[in-house]
Amino acid sequence: MMPAMSEKIPSATCAPAVIASVVDLKVHFRSKQGVVHAVDGVTFDIRDGETLGLVGETGCGKSVTARSFLRLVPMPPGIAAGGSIMFRPRSVCPSCEGEGCARCDQTGRVPAACPACAGEGCGDCAGSGEETLDLLAVSDARMRALRGDRIAMIFQDPGKALNPALTIRDQIAEVFFQHRSAEILDAAGVDGSSVGPQTILLRRQAAQQSRGLEHALLALPPLRSGRNRITAAVDAMIAAALAETQIANPRKIMHRYPHELSGGMRQRVMIAQALACNPDLLIADEPTTALDVTVQARILELIRELQQRRKTAVLYISHDLSLVRRICDRVAVMYAGRIAETSSAERIFQNPRHPYTRGLLAALPSASHSRGQLAAIEGTVPELVDPPPSCRFSGRCPNETEMCARFDPPLEVVDDEHAVACFIHHEPPAGSGERPSFTAKTT
Amino acid sequence: MTAATGPRQAGQTAASVKLVLSLRGLKKHFPIREGALQRVVGQVRAVDGVSFDIRSGETVGLVGESGCGKTTLGRCVSGLSDPTGGAAYFNISQTDRDGLDALLNIPEAHHSEQDREALAALEAAHRVDQLTGPAWRRYRRNCQVVFQDAFASLNPRHLVKDIVARPLRVYGEATGLELTERTVELLEQVGLGRQHLFRYPHQFSGGQRQRISIARALALDPELIVLDEPTSSLDVSVQAQILNLLHKLQQQRGLAYLFITHNLSVVRHVADRIVVMYLGKVVEAGDTATIFERPQHPYTKALLAASPDLSQDHDVEMPTLEGSVPDPAHPPQGCRFHTRCPVATQACGWEVDDVVRWLEYREGLFDALSAVRRDSPFEAALVFDDEASAKALAAALRSDMVPAPMRAAMDEPALHGREVQLRFREVSEVGLAERGAGHVAACVLNPAGE
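Protein chains in written order, with my numbering: chain A, 2 to 444; chain B, 37 to 486.
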């Protein structure tokens with residue numbers, strides 16, 4: 002099931018029932034010391050409706066991977082050094098108009114048809130008839146249309162991710178103006194298809210494109226009622242989005258500024274904003290790190306409940322293994338820009354195979370450890386400046402062999418669904434391999 | 037004061053243990069200032085009457101949500117801010133401590149001349165905010181702090197050599213070559229070395245920076261180190277290294293730690309005793325094993341249930357706490373936790389503010405509320421804009437829409453036109469009560485949990 006390494010898969014497909022597939026992603030950064038290989042050949046799939054946990058320590062590249070989905074990595078200094086992120090957007094189910102039917106598994110959404118063959122199956126879509134986009138190659142305009150609509154992100158610190166100068170209403174309204182202006186016009190009872198000057202002004206208003214004098218024109222009697230209807234329609238949509246995240250009294254909350262809300266409330270607003278357009282993929286980048294345990298428990302329950310109801314796929318990024326175990330179906334463990342191990346959550350916690358995963362699990366303090374006996378992983382995370390072609394974990398690994406310094410273990414499937422990048426579980430390649438030396442690299 | 041007496045040790049064995057620090061009714065209130073004249077209009081009760089002891093060589097874990105006053109308490113303990121009431125007593129002997137407790141138990145008005153003299157003598161010798169001269173210096177060098185944020189607590193313009201050696205220099209412990217050697221020794225104790233002497237803090241990772249902080253705190257061989265969330269900004273693998281290091285140092289030097297954290301699995305690992313705080317008050321204190329196995333206070337139970345644990349079954353739904361932490365400027369009456377407590381009873385201190393808080397979630401009604409005329413926290417008239425709203429509230433208060441214990445604690449609401457007159461039974465503050473050897477909890481429910 003797991004595509005093992007990039008060579009085996011042509012770059013423009015991903016397996017069925019997979020919503021997004023990261024294939025040999027490489028993101029590097031240029032720095033004074035040299036090129037930092039922050040993400041260096043990461044491969045994993047996110048399946049329909051699952052929660053995939055991406056776990057790792059600070060600086061292992063998990064946030065960069067997540068941000069690459071939305072092309073939020075600044076370039077330069079970032080360099081897209083290779084690989085692709087394939088994504089299958091969905092559209093409204095034609096047989097039930099989004100109501101939920103048997104064909105779309107009650108979600109109201111089906112994979113969007115391939116534009117080249119209209120769902121017939123052609124060379125572009127490898128016969129599946131489904132549209133597949135390479136998020137690293139699509140045009141900026143298409144990316145803008147996807148961001149916040151089909152792929153949404155919840156950031157780590159809601160205190161920093163919300164704009165302090167805008168009310169909650171204005172922030173969430175942006176999502177609707179950006180992606181849902183047709184629905185807004187519908188709800189406001191404006192016929193968006195006619196071409197009269199009034200409609201054009203209102204249409205621009207519903208897409209938040211009104212400029213200068215237009216605001217003055219919209220305040221005049223013939224247009225004012227239309228404008229007010231648009232405002233009311235947006236307010237209703239925002240209130241509904243906020244109510245979905247169990248915010249009490251959404252009509253009141255939406256006129257507040259972020260600083261007036263508690264941390265938990267702000268994170269709820271972030272979630273409401275992210276889920277406003279019913280995205281196909283939700284990326285949650287450590288959404289509870291800045292919160293207390295009691296609030297964290299509620300936010301996790303909320304994400305899980307919303308995810309189950311909407312069958313959204315979630316990429317959940319965290320450094321907290323106990324949290325990941327609670328809410329994820331599958332887990333990918335990252336170390337120093339590489340995937341060390343992927344498996345179902347159950348397996349990885351019962352039977353971790355990579356020494357790094359074992360180390361991480363053993364380092365968690367628990368009642369069974371006697372004091373002072375925590376199994377810390379010795380040493381520190383390696384510098385990712387021009388790394389040698391050896392196992393990234395060599396030097397800290399308790400099971401290190403001579404092979405580990407010569408070859409870089411690829412991520413290979415060991416038994417169904419469980420893939421590990423370690424020579425303990427599969428043979429190192431034949432041949433002697435050149436022992437890398439740091440002096441040789443500096444040319 | 038009886039209610040606020042700290043967790044007492046289970047009898048005889050305790051007599052021989054040396055106390056490092058005793059807190060008695062410690063309060064820290066911050067004034068809220070308003071207007072052009074900056075008049076004080078209220079008090080934020082960050083810490084509101086906290087008492088416990090820290091014995092030599094033990095780790096006391098201080099747990100609570102953000103905003104419960106645990107960091108403020110740490111600052112008061114370490115002498116970084118002065119308490120507004122009560123005090124911390126440093127290096128007080130067991131007998132003196134018992135004498136002090138006896139004196140504090142007598143209301144001040146009933147103090148005899150002798151009592152006053154005895155108290156003054158004890159305070160001059162031990163009370164942290166009244167120490168002066170050599171006694172103050174002795175306290176300062178024996179009580180060190182490791183701060184949460186190792187990025188902010190190390191001066192970016194100083195070399196490691198200067199940072200770690202500064203306490204030694206200030207107290208005239210060493211100079212010249214000896215100073216450097218002592219510094220290297222300290223660095224080696226925390227797993228760094230001579231090669232790190234001439235580097236700046238930014239050249240280190242988070243874990244290494246926290247090690248530098250610890251080396252600085254160790255420099256004067258203190259008796260007590262206040263650790264304010266020392267590992268919360270670190271990764272698990274680094275956290276394990278730091279926790280192991282702290283344990284090793286405690287074994288070697290007999291240090292006492294006040295370990296402030298919100299991470300329950302960490303505190304379970306490191307602490308001998310745990311103090312749980314909520315809104316500036318201690319709600320439960322006791323041995324680590326007791327607290328984790330037999331928590332008595334519903335808040336402790338909720339905290340334990342909410343913290344994810346690898347050994348837990350992952351399919352079990354996490355029980356969650358409703359509502360948010362109330363404003364510490366107007367803490368709830370009775371038990372401060374009653375607004376969120378899942379097992380609240382009518383005796384928990386329901387008051388007028390609870391009705392107002394409940395109203396905030398009722399859109400139409402809260403907008404119609406024009407005034408609250410309070411006679412006391414338990415008695416008030418809510419004035420509405422129109423009679424219909426007043427009627428709606430009175431009806432709601434009699435129905436299932438409000439929590440049942442709140443209804444039980446309230447007299448029948450009286451409706452007078454646009455006004456609803458409310459009266460609750462008066463309840464005094466819920467104090468800490470003994471629940472077993474060295475285990476205290478502040479809950480109206482009895483130990484059996486009835």
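Backbone N, C-alpha and C define an ideal beta-carbon position, used for all residues, glycine too. The structure displayed is predicted, hence computed values, not measured ones.
- Taking 8 Å as the cut-off, the beta carbon of Ile-250 of chain B is found no closer than this to the beta carbon of Leu-291 of chain B.
- At a cut-off of 8 Å, the C-beta of Asn-250 of chain A has a neighbouring C-beta in chain B.
- For Ile-248 of chain A, there is no enclosing beta strand (DSSP E), as DSSP marks it with neither H nor E.
- Distance from the CA of Glu-70 of chain B to the CA of Gly-78 of chain B, rounded to the nearest whole angstrom, comes to 9 Å.
- For the stretch 266-284 of chain B, the set of positions with a beta-carbon nearer than 8 Å to some beta-carbon of chain A reads Asp-271, Val-272, Ser-273, Val-274, Gln-275, Ala-276, Gln-277, Leu-279, Asn-280, His-283, Lys-284 in chain order.
- Chain A places a beta carbon closer than 8 Å to that of His-298 of chain B, counting this residue as a contact.
- Here Gln-209 of chain A carries a coil assignment [DSSP, helix/strand/coil].
- Within the stretch 300-312 of chain B, the residues whose Cβ lies closer than 8 Å to any Cβ of chain A are, in chain order, Leu-300, Ser-301, Val-302, Arg-304, His-305, Val-306.
- When DSSP states are grouped into helix, strand and coil, His-283 of chain B belongs to the helix group.
- Counting along the chain, the unbroken alpha helix (DSSP H) around Arg-311 of chain A starts and ends at 294-311.
- According to DSSP, residue pairing for Glu-131 of chain A in a beta bridge involves A:Ala-114.
- For the C-beta of Leu-324 of chain A, the chain B residues within less than 8 Å are, from N- to C-terminus, Pro-344.
- Listed as beta-bridge partners of Phe-295 of chain B by DSSP are B:Gly-97, B:Leu-263.
- At a beta-carbon threshold of 7 Å, the residues of chain B lying near Thr-381 of chain A are Ser-241, ordered along the chain.
- Spanning the alpha carbons of Lys-284 of chain B and Gly-373 of chain A requires a straight line of approximately 7 Å.
- The closest CA to that of Gly-472 of chain B, considering only B:Ala-325, B:Leu-294, B:Pro-143, is found on B:Ala-325.
- Distance from the CA atom of Glu-51 of chain A to the CA atom of Phe-460 of chain B, rounded to whole angstroms, is 50 Å.
- Of A:Arg-311, A:Ile-300, A:Pro-288, the smallest CA-CA separation from Ser-319 of chain A is found for A:Pro-288.
- Contact residues of the stretch 237-269 of chain A toward chain B are Ala-249, Asn-250, Arg-252, Lys-253, Ser-263, Gly-264, Gly-265, Met-266 (C-beta to C-beta distance below 9 Å).
- Glu-455 of chain B: member of the beta strand (DSSP E) spanning 455-459, first to last residue.
- DSSP, reduced to helix, strand and coil, places Ser-412 of chain B within a strand of the structure shown.
- Within the model, the alpha-carbon separation for Ser-22 of chain A versus Val-40 of chain A is close to 15 Å.
- Residue contact with chain B for Glu-302 of chain A: present (Cβ-Cβ distance below 8 Å to some residue of chain B).
- The residues Glu-462, in chain order, have a CB closer than 8 Å to that of Ser-412 of chain B in the same chain once the five nearest residues on each side in sequence are set aside.
- Those residues of the stretch 78-102 of chain B placed with their C-beta closer than 7 Å to a C-beta in chain A are Glu-101, Ser-102, ordered along the chain.
- A direct Cα-to-Cα measurement between Leu-339 of chain B and Lys-317 of chain B gives close to 16 Å.
- DSSP places Pro-441 of chain B within a helical segment (H, G or I) once states are collapsed to three.
- Secondary structure note for Gln-130 of chain B: its alpha helix (DSSP H) is the uninterrupted segment 130-141.
- Taking a contact as a CB-CB distance under 8 Å, the pair Gln-157 of chain A and Ala-291 of chain A counts as one, their CB atoms being some 7 Å apart.
- The beta carbon of Phe-402 of chain B lies closer than 8 Å to those of Leu-395, Glu-396 in the same chain, with the five residues before and after it left out.
- Boundaries of the beta strand (DSSP E) harbouring Ala-341 of chain A: 339-345, taken from the DSSP string.
- In this structure Leu-481 of chain B is in contact with Val-379 of chain B, their Cβ atoms being roughly 7 Å apart against a cut-off of 8 Å.
- Considered as a whole, the stretch 125-206 of chain A harbours 141-147, 159-162, 169-180, 182-188 as its complete alpha helix (DSSP H) runs of no fewer than 4 residues, in chain order.
- Cβ neighbours of His-256 of chain A within its own chain (closer than 8 Å, five residues either side excluded): Thr-168, Ile-169, Arg-170.
- Approximately 24 Å separates the beta-carbon atoms of Ile-340 of chain A and Val-139 of chain A; this is outside 8 Å, ruling out the contact.
- Shown here for Tyr-293 of chain B: same chain residues with a beta carbon closer than 6 Å to its own, the five before and five after excluded, namely Thr-95, Ile-261, Leu-263 in chain order.
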